[in-house]
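Only one structure is covered here, and it is reproduced in the block below.
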Amino acid sequence: MPTGIKFFNWIGTMWKGQLTFETPMLFAVGFLVTFLFGGLTGVLLASPPLDFHVTDSYFVVAHFHYVLFGTIVFSTFAGVYFWFPKMTGRLLDERLGKFHFWLTFIGFHSTFLVQHWLGNEGMPRRYADYLPTDGFTDLNIVSTVGAFILGASMLPFLWNVFTSYRYGEVVTVDDPWGYGNSLEWATSCPPPRHNFTELPRVRSERPAFELHYPHMSERMRAEAHVARAQP
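So the sequence shown is numbered by UniProt numbering: it starts at 1 and just counts up by one.
Right, dumping it as structure tokens:
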């Protein structure tokens, strides 16, 4: 139930929004897709008859990696790409970032999606080997190729971090993404040791947005008051 509420929260945040799919947003959406798969397979494992069939099989391995490994990886990379300019004062290369995302997305799902089917077919986990007559070979080949793609996806990321940290586009504004809400986007990239040259005004949950777009904030606040006043 709490996870379902969070999903409606995340989807409601994006619903009818003017989304731009830079690399951080791609990884955020990848996190949602991966976590959704993991949550749905968790519902299946909560059913005793099915759990009895797939327990200690590769179905459980796939579910575990979708819930933990996949979600952590995608959300962490979303945060790295989002806050890298704030931490370093330079932007990561967007083309390499998108290439990194698609390699990670394809590699991860190629590795672990087929393991659900392997578990359903009876392949147990914690076994060092299996016989060709067991019928697990083809899907294991797909999973192995996906694992190599997933491992290779780190190469463009590491190269991107290395080159961008030294030669990347310099950030000249407080908020290179344009519409940041929280306070870190109200100071320079990277921030000085004292964080702010003057104390920022916090009048709502979106202080940086109000600082950069005061006219829009006043209009939105006025529209909200009008909406509340109407029966």
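Backbone N, C-alpha and C fix where the C-beta goes; we use that ideal spot for every residue, glycine too.
Here the structure is a predicted model, which means the values were calculated and not measured.
When the Cα atoms are used, what is the spatial distance from Gly17 to Gly42?
Between Gly17 and Gly42, the C-alpha separation is close to 30 Å.
Measure the C-alpha to C-alpha separation of Asp138 and Pro200 and round it to an integer number of angstroms.
59 Å
To the nearest angstrom, report how far apart Asp129 and Lys6 are at their CA atoms.
Each residue's Cα considered, the two are about 40 Å apart.
By the three-class DSSP mapping on this structure, what secondary structure does Leu61 have?
Note that residue 61 corresponds to Val in the displayed sequence, not to Leu. Three-state result, Val61: helix.
To which residues does DSSP link Pro124 through a beta bridge?
According to DSSP, which records beta bridges pairwise, Pro124 is partnered with Ser57.
Just confirm the distance between the C-beta atoms of residue 239 and Asp56, as a whole number of angstroms; I'd bet it's less than 8 Å.
The chain is shown from 1 up to 231; residue 239 falls before or after that span and cannot be answered.
One question on the structure: do Phe31 and Ser75 come within less than 7 Å of each other, judged by their Cβ atoms?
For the 7 Å CB-CB criterion, Phe31 and Ser75 form a contact.
Is it true that the CB of Gly89 sits closer than 7 Å to the CB of Cys189?
yes
Under the three-state reduction of DSSP, which class applies to Arg95: helix, strand or coil?
helix
From Trp117, Phe112, Thr20, Leu118, residue whose alpha carbon lies closest to that of Phe82
Thr20
Consult DSSP for Val145 and reduce its assignment to one of helix, strand or coil.
If DSSP states are grouped into helix, strand and coil, Val145 belongs with the helices.
On the three-pair Cβ rule with 8 Å, is the region 193-209 touching the region 103-122?
no
Could you tell me the alpha carbon to alpha carbon distance between Ala78 and Pro24, rounded to whole angstroms?
4 Å
At which residues does the alpha helix (DSSP H) containing Ala208 begin and terminate?
Taken as a continuous stretch (DSSP letters only), the alpha helix (DSSP H) holding Ala208 covers 207-212.
From Asn181 to Thr172, what distance separates their C-alpha atoms?
18 Å
Simplified DSSP assignment, three categories, for Arg201
Coil, per DSSP.
If Ser153 sits next to Thr111, beta carbons under 8 Å apart, how far is it from one beta carbon to the other, in whole angstroms?
Ser153 to Thr111, Cβ: 11 Å. No contact.
According to DSSP, which residues form a beta bridge with Arg90?
According to DSSP, which records beta bridges pairwise, Arg90 is partnered with Val170.
Pairwise C-alpha distance: Val54 and Pro48
10 Å
Count the other CB atoms, across all protein chains shown, that sit within 10 Å of the CB of Phe8; report buried if there are 16 or more and exposed otherwise.
exposed
In whole angstroms, what separates the C-alpha of Gly12 from that of Asp134?
Put simply, the backbone Cα of Gly12 is about 45 Å away from that of Asp134.
Close beta carbons around residue 234, own chain, < 6 Å, minus the five adjacent residues each side:
With the chain covering only 1 through 231, there is no way to say anything about residue 234.
What number of angstroms, rounded off, separates the C-alpha of Glu210 from the C-alpha of Pro2?
Roughly 31 Å separates the two Cα atoms.
Compare the Cα-Cα distances from Asn140 to each of Trp15, Leu118, Trp10 and report the closest residue.
Of the candidates Trp15, Leu118, Trp10, the one whose C-alpha sits nearest the C-alpha of Asn140 is Leu118.
With a cut-off of 8 Å on the beta carbons, I'd call Gly38 and Thr71 a contact; round off their distance for me.
7 Å
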